[in-house]
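Here is the structure we will look at, set down as structure tokens.
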Amino acid sequence: MAKVIGIDLGTTNSCVAVMEGKEAKVIENSEGGRTTPSMVAFSESKEKLVGQSAKRQAVTNPENTLFAIKRLIGRNFSDDFVKKDSDLVPYKIVKGDN
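Quick note, the sequence shown lines up with residues 8 to 105 if you use my numbering.
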């Protein structure tokens, strides 16, 4: 039987669960939490931080901490919504090649 996984990609937090029989079981993150902040950060040494680790250093490294990215998924760079958001976040939103 195939394995089933569910991902709740939230703007603020995300959650992952797997089906075990007829029950969904939420997978805890490395810190024991059932939800994980939807954040990614890059340290000065190029270390990648995800979730709570990224959130903890967001105040001291705002320009390299990405959050609320779900709001941008599927939007064109020229979209007014993207332009507005780029003025509100401390990180750079840049146009891709696609």
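Every residue, glycine too, gets a C-beta built ideally from N, C-alpha and C.
Check: Cα-Cα separation between ILE100 and VAL33, rounded to whole angstroms; Outcome: 32 Å
Check: Proximity test, GLN59 beta-carbon vs the ligand FMN heavy atom, cut-off 8 Å; Outcome: This structure lacks the ligand FMN, and indeed carries no ligand of any kind.
Check: Residue environment, PRO69, which counts as buried when at least 16 other CB atoms sit within 10 Å; Outcome: exposed
Check: Pair within 9 Å by beta-carbon distance, PHE88 and SER45; Outcome: no
Check: Run of the beta strand (DSSP E) containing LEU56, from where it starts to where it stops; Outcome: 55 to 57
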